[in-house]
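S.K.: After the structure tokens below, expect a handful of questions from me.
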Amino acid sequence: MTFQSLSSNSQDYLKVIWDLQEWTHEPIQPAAIAKRTGMKPSTVSGALGRLVVSGLVQHAPYGAVTLTERGERYAVKMVRRHRLLELFLVNTLGYQWDEVHDEADSLEHAVSDMMIERIDVVLGHPTKDPHGDPIPGENGEMSEVHSVLLSDARQGSVVRIDRVNDEDPDLLRYLDSEGFGIGKDVRIGAISRYAASMSLSLVDGPEDAAPMALGVKAARQIRVVPLPSEDGGPSSESESGAPSNPGQ
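Here my numbering is used: the first residue of the sequence shown is -19, the next is one more, and so on.
What follows is the structure in structure tokens.
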């Protein structure tokens, strides 16, 4: 099966599986796909079965879902389309970063390969979309920096916002209203494990500015680059080797 012969529905499932793998790095279960797509488990099961027959997905009964080599190649092609379109909507048409996800979801199935490559040229072959996500090149390769989940950051450390999951426009609007955007340096204040929240302050913000409160669930949707700490210690749980269990 060629990429061009795939239905829009199949393209969406491949992209969703790839997106989930990118953010969690854990085995993807059909239930997670159903939650992301809003589809019934039986509908997801049927779609996965068709993708297995097409040689794009591997899925044993009650097991995890993985992309085959060809399935991953097709998924990355969809991711490239989606992220280039998001950036085009922001840079060229004046959309806000919380407005582009659904628009790109619709457009990515309608535009031709030629249009995508023209957009890539017009934008100067960008490497990141408006949310900091890496944009795959025409050959499928991506450049990524080492980043960790914000929820893993240590109290008192300083981190730089690298990526924000674009699935939740309310989170994007909240961050924007507080001035917390891609590339901003953030100091981690108090972390309440019982309240499952953390306090964040902009490094370059006013000294009298009130810190922003963020739930750990939302912090799991943000990836950050740990910056050198004043004491030379690790800036995140993952760097220290300690278990990561925020909110538990």
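Beta carbons are placed, not taken as given, at the ideal position from N, Cα and C, and that holds for glycine.
#1: Return yes when the Cβ of L0 is within less than 7 Å of the Cβ of A12, no when it is not.
#2: Residues bridged to H195 by DSSP?
#3: So E66 and A90 are supposed to be a Cβ contact under 8 Å. How far apart are they, rounded?
#4: Taking its Cβ as the centre, do 16 or more other Cβ atoms sit within 10 Å of Q228, making it buried, or is it exposed?
#5: Would G185 pass as an interface residue toward chain B - the criterion being a Cβ-Cβ separation below 7 Å?
#6: Just curious, the beta strand (DSSP E) that A170 is in, first and last residue?
#7: Is the Cβ-Cβ distance between V45 and I(-3) less than 7 Å?
#8: Quick check: L152 and I202, are their CB atoms within less than 7 Å of each other?
#9: With DSSP as the reference, identify every bridge partner of T46, one or two as the case may be.
#10: Taking the DSSP output, what are the residues bridged to L182?
#11: Quick one: grab the DSSP three-state call for G227.
#12: Are the region 153 to 162 and the region 181 to 197 touching, with three or more C-beta to C-beta distances below 8 Å?
#13: Compare the Cα-Cα distances from I162 to each of V144, P10 and G185 and report the closest residue.
#14: What's the C-alpha gap between L103 and F68?
#15: Should K(-5) be labelled buried (16 or more other beta-carbon atoms within 10 Å of its own) or exposed?
#16: Work out the CA separation of E97 and S(-12) for me, nearest whole Å.
#17: Cα separation between Y54 and G185?
M.R.: From the atom records:
#1: Taking the first residue of the sequence shown as position 1, residue 12 is located at position 32. Taking the first residue of the sequence shown as position 1, residue 0 is located at position 20. Less than 7 Å divides the Cβ of A12 from the Cβ of L0.
#2: Locating residue 195 in the sequence shown gives position 215, where the first residue counts as 1. As written in the sequence, residue 195 is Gly, which differs from the His given in the question. BP columns for G195 point to S177.
#3: One-based indexing of the sequence shown puts residue 66 at position 86. One-based indexing of the sequence shown puts residue 90 at position 110. With a Cβ gap of about 15 Å, E66 and A90 do not count as contacting.
#4: In the sequence shown, the residue the question calls residue 228 occupies position 248. The predicted model places Q228 with a pLDDT of 34, which falls under 50 and marks its position as unreliable; any figure quoted below should be read in that light. Exposed, since its Cβ has fewer than 16 Cβ neighbours within 10 Å.
#5: Although the question refers to chain B, the structure presented lacks it and comprises just one protein chain.
#6: Reading the sequence shown from its first residue, position 190 is the one you call residue 170. Residue range D165 to S172 is occupied by the beta strand (DSSP E) that includes A170.
#7: As a first step, residue 45 must be located in the sequence shown, where it is residue number 65. As a first step, residue -3 must be located in the sequence shown, where it is residue number 17. Closer than 7 Å, so yes.
#8: Residue numbering aside, residue 152 sits at position 172 when the sequence shown is read from its first letter. Residue numbering aside, residue 202 sits at position 222 when the sequence shown is read from its first letter. For L152 and I202, no; Cβs fall outside 7 Å.
#9: By one-based count along the sequence shown, residue 46 stands at place 66. For T46, which the question treats as bridged, DSSP gives the partners Q38.
#10: Along the sequence shown, one-based indexing puts residue 182 at 202. L182 is bridged by DSSP to V166.
#11: Mapped onto the sequence shown, residue 227 falls at position 247. Here G227 scores only 39 on pLDDT, less than 50, and its place in the model is too uncertain to base an answer on.
#12: Two segments are said to touch when three or more pairs of C-beta atoms, one from each, lie closer than 8 Å; by this definition the region 153 to 162 touches the region 181 to 197.
#13: Taking the first residue of the sequence shown as position 1, residue 162 is located at position 182. Answer by Cα proximity: V144.
#14: Stepping through the sequence shown from its first residue, residue 103 is reached at position 123. Stepping through the sequence shown from its first residue, residue 68 is reached at position 88. So the alpha carbons of these two residues sit roughly 7 Å apart.
#15: The residue labelled residue -5 in the question sits at position 15 within the sequence shown. It counts as buried.
#16: Within the sequence shown, numbered from 1, the residue matching residue -12 stands at position 8. Within the sequence shown, numbered from 1, the residue matching residue 97 stands at position 117. Cα to Cα, the separation comes out at about 20 Å.
#17: Within the sequence shown, numbered from 1, the residue matching residue 54 stands at position 74. Within the sequence shown, numbered from 1, the residue matching residue 185 stands at position 205. For Y54 and G185, the distance between alpha carbons rounds to 42 Å.
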